[in-house]
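In my numbering, the protein residues as written are 78 to 284.
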Amino acid sequence: MERPTDAMRELFGLAWAPVEHFAQMLAEEGELRGLIGPHELPRLWTRHLVNSAALAPFLPEDATVADVGSGAGFPGLVLAMMRPDLEMHLIEPMERRTVWLADVVDEVDLDNVVLHHARAEELHKKATFDVVTARAVAAMDKLARWSVPLVRPGGALVALKGRRAAEEVEEAKYVLKKLGIVATEVHEVRPVPDSEATSVVVATKRG
Ligand SMILES: C[S@@+](CC[C@H](N)C(=O)[O-])C[C@H]1O[C@@H](n2cnc3c(N)ncnc32)[C@H](O)[C@@H]1O
């Protein structure tokens, strides 16, 4: 497994112990439990843990956050560890993955996580959150349809996107508008110096 650098330790700060514990669990069980592919372990820190951390500065203090399609726990579990002030809801429809998420929550002893074994659409009209996060779940238009109804008025969808972030936002602009998004920004973020840049899309909903 890739060895974390000093800059990564600094990035995670007080969350270092839980994040390292999570990394260890993934290294031991991730492939066996079908959560990450064999090629992902050598880049677990850079590609997954550090990449997830890129969203932390975009989340307001004490916010309620829903991570749509958490999978193995990216970015939701990492953000819950870094930001104990948040109430982090993980929305994941695949049972095998929700069992894994529950195991990590138990083992790392996180008390700010609520698990939802559901598709995002199943929570429409039932729950809203200050922020909805997502990574690698769907293209922007589909992701917006699933996620924006879960954002409270004045809140935001904050999504980790790849190099095509700006194009995806442009392609989805009518869908975003229809869903009540009034402003969309694309930020290029490098969570640690020399790390790969990642794009963070912040789509704010009408208040
Ligand atoms: C490619 S994985 C990405 C997982 C994780 N976010 C990551 O970045 O590693 C996509 C995840 O979205 C979940 N998913 C698919 N459709 C969904 C929906 N409608 N609502 C919530 N989650 C969904 C899948 O079960 C899967 O765990």
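Beta carbons: idealized from backbone N, C-alpha and C, even for Gly. In this text, all values refer to a predicted model and were calculated from it rather than measured experimentally.
* To do: Just confirm the distance between the C-beta atoms of Phe-135 and Val-279, as a whole number of angstroms; I'd bet it's less than 8 Å.
  => 6 Å
* To do: Evaluate the contact criterion for the segment 204–221 versus the segment 175–184: three or more CB pairs, one atom per stretch, below 8 Å.
  => no
* Indicate, with yes or no, if ligand 1 has a heavy atom lying under 7 Å from the CB of Trp-223. => True, at least one ligand heavy atom lies under 7 Å from that Cβ.
* To do: Classify Met-165 as buried or exposed, calling it buried when 16 or more other Cβ atoms lie within 10 Å of its own Cβ.
  => Met-165 comes out buried.
* Would you check if the segment 217–225 and the segment 239–252 touch, i.e. whether three or more CB-CB distances between them fall below 8 Å? => Three or more beta-carbon pairs separated by less than 8 Å link the segment 239–252 to the segment 217–225, which places the two stretches in contact.
* Can you find at least 3 beta carbon pairs, one from the segment 166–177 and one from the segment 90–98, that sit closer than 8 Å? -> no
* What do you reckon, is the C-beta of Ser-147 under 7 Å from a heavy atom of ligand 1? -> yes
* Just reading off the alpha helix (DSSP H) that Ala-216 is part of, what are its end residues? -> Where Ala-216 is concerned, there is no enclosing alpha helix (DSSP H), given that its DSSP letter is neither H nor E.
* To do: Would you identify the three-state DSSP class for Ser-129, choosing helix, strand or coil?
  => helix
* Which residue comes first and which comes last in the beta strand (DSSP E) that contains Gly-231? -> 228–238
* Can you list, in chain order, the stretches of the alpha helix (DSSP H) that have 4 or more residues and sit fully within the segment 132–189? -> 153–159, 172–185
* Asked: CB-CB under 7 Å to Leu-132, same chain, minus the five flanking residues each way: which ones, in chain order?
  -> Pro-152, Leu-156, Thr-210, Val-235, Leu-237, Val-277
* Pick out whichever of Glu-138, Gly-239, Ile-258 has its Cα sitting closest to the Cα of Arg-229. => Considering only Glu-138, Gly-239, Ile-258, the residue with the shortest C-alpha distance to Arg-229 is Ile-258.
* Indicate, with yes or no, if ligand 1 has a heavy atom lying under 7 Å from the CB of Glu-245. => no
* Asked: Where Pro-161 and Val-191 are concerned, what is the direct C-alpha to C-alpha distance, given to the nearest angstrom?
  -> 13 Å
* Asked: Beta carbon of Pro-170: closer than 7 Å to some heavy atom of ligand 1?
  -> yes
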